[in-house]
Ligand code: 4UV
């Protein structure tokens, strides 16, 4: 469908009609709405399965555990609008903690538990985290924060309790409280509920303020209505090995599943054979993936050893997927429909394949979906800003209640990302075809995606120029078959220095999580820059493409 606005913007909309979205509700009231009043929710149905231990939690268990944790962390001093950091691998405790914090009207900031001490400290300090919920094995990285008064809570290890580190609180104890003592704060739809970090279109990682309204809207856009865009049902078993600290897993899988009554099988990390064994054992019906996982399935010689016939839906997102891979993976999943989701931390889900709708539409491989319902999309010329018709590539812009409120303490970055008319500029280049399907063809923004994980060039550049022998540096993406993209650095070393590639890579390696490591270093005389001082990344990418690195 195509609507013409008075200002002549060409606006693309979903083929599904708009629906009523109860985004006046708090996140927990919305997600568990089926269990209130005359709701039809079955609280004995399975909600979460922990693949690591075999534990099963019903919907009642999940609500009660989350409420008990809420009561306990309130007792420990967490109040409305306070921030709690989750530094956990995929686990039921991640979900309990996130929901507990939401019940209190407090805010969760999610981080990768594999982050280095410096990466964690930066985010914990920037988001003013008062408490960190983690595992014993990560506590060493938190000593300085603990000394500064941040309370550390530790989840027991899979194989039983280990002695708690000094001053830490046991998560198991948090689940012993009386849930009837749950405080009932007044939560406004515009209150922040989560602060994941993202570098957006430029610069360093920033706190993305996701409100109750944004999350409720985003979940509803996918799973609500008579013909949901993403038809999860109470019969589904959705496997979740994608990292729960990322918006794709937490919004589009876990919370969306909980709204519908589906079960989520939580897997701490992706291991191909283990995942196939779990699909077979639990008769998994929905497999959400990122492109490298698709590649792993396609390349595996062992897929035939497993019964994968229960899978009815495979969803790929977080990075570009090659069309051939999409077609090849379907040969291994005989009963599955395949489609993509396209999203961004700041704008939640932007597009979803309509092949996943309850009454599905026929879709094309290679498309990353159709814009979600209750939202506007336009494609603009990157130079003139004029909106473009179908089949013309330009920057994708999205508008709707699902967008973030803004970047934490960064009104400038917020204003350059969401314009005065409410359009969020994604930094992705794509077009909409004659059937409303979106194809992403390039990226305008600096962001590098290593297996779908964010790598912010500005973060690595700041580290590089802090090296005494580096005068200037720029980091760009290089194409990679397995990871999609890898970060590589152009480096200007200071005069007379004997700096080697090894020196540079090992200097970075110690300071960042594994996927941000610089994979190659090219020494050069100067970094190409615009008169404004902005690095001309396009020139560097062209140099890579032409093999002219130095
Ligand atoms: O901020 P972020 O790390 O966020 C994501 C979010 C992904 C998804 C996927 C399906 C969903 O339903 C959902 O809710 C969220 O990755 O990175 C955002 C950037 O990743 C690229 C694109 O450059 C975004 O601006 N990206 C994400 N999905 C796709 C993609 C895709 N399907 N195809 C190509 N690029």
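Numbering (the working numbering), first residue to last: 357 to 906.
Where is the CB? At the ideal position from N, CA and C, for every residue including glycine.
In the structure shown, what three-state DSSP assignment does residue i receive?
i	result
residue 437	coil
residue 463	strand
residue 425	helix
residue 648	helix
residue 781	strand
residue 871	helix
residue 792	coil
residue 679	helix
residue 579	helix
residue 375	coil
residue 755	strand
residue 849	strand
residue 415	helix
residue 512	coil
residue 865	helix
residue 367	strand
residue 810	strand
residue 528	helix
residue 731	coil
residue 325	In the structure as shown, the chain starts at 357 and stops at 906, and residue 325 therefore has no counterpart that could be examined.
residue 567	strand
residue 898	helix
residue 743	strand
residue 640	coil
residue 891	strand
residue 493	helix
residue 835	strand
residue 805	strand
residue 828	strand
residue 854	coil
residue 655	helix
residue 700	strand
residue 384	helix
residue 712	helix
Confirm, please, whether the CB-CB distance from residue j to residue i is below 8 Å.
i	j	result
residue 580	residue 420	no
residue 900	residue 832	yes
residue 697	residue 608	yes
residue 611	residue 708	no
residue 530	residue 429	yes
residue 556	residue 814	no
residue 735	residue 718	no
residue 440	residue 416	no
residue 676	residue 603	no
residue 390	residue 732	no
residue 582	residue 629	no
residue 442	residue 450	yes
residue 383	residue 538	no
residue 792	residue 861	no
residue 599	residue 468	yes
residue 501	residue 510	no
residue 601	residue 402	no
residue 594	residue 631	no
residue 869	residue 475	yes
residue 681	residue 651	yes
residue 800	residue 867	no
residue 667	residue 691	yes
For my contact list, residue i and residue j are in at a C-beta cut-off of 8 Å; report their separation, rounded to the angstrom.
i	j	result
residue 811	residue 804	4 Å
residue 806	residue 840	7 Å
residue 752	residue 578	At roughly 18 Å, the Cβ-Cβ gap does not stay under 8 Å, so residue 752 and residue 578 are not in contact.
residue 513	residue 492	6 Å
residue 879	residue 847	6 Å
residue 785	residue 750	7 Å
residue 888	residue 758	So it is not a contact: roughly 33 Å between Cβ atoms.
residue 712	residue 685	Contact flag wrong, Cβ pair sits at about 16 Å.
residue 411	residue 448	7 Å
residue 617	residue 775	About 38 Å separates the two Cβ atoms, so there is no contact after all.
residue 745	residue 366	6 Å
residue 548	residue 761	6 Å
residue 633	residue 662	7 Å
residue 464	residue 605	The Cβ separation is near 14 Å, so there is no contact.
(message) Using 8 Å as the cut-off, can you tell me whether the region 424–436 makes contact with the region 453–466, which would need three or more C-beta pairs spanning the two stretches below that distance?
(response) yes
(request) Check whether the region 563–583 touches the region 754–767, counting contact only when three or more Cβ pairs, one atom from each stretch, lie closer than 8 Å. (result) The region 563–583 makes contact with the region 754–767, as at least three CB pairs between them are under 8 Å.
(message) Does the contact criterion of 3 or more C-beta pairs under 8 Å hold for the region 477–488 versus the region 498–514?
(response) yes
(message) Any contact between the region 669–687 and the region 634–650? By contact I mean 3 or more CB pairs, one from each, below 8 Å.
(response) yes
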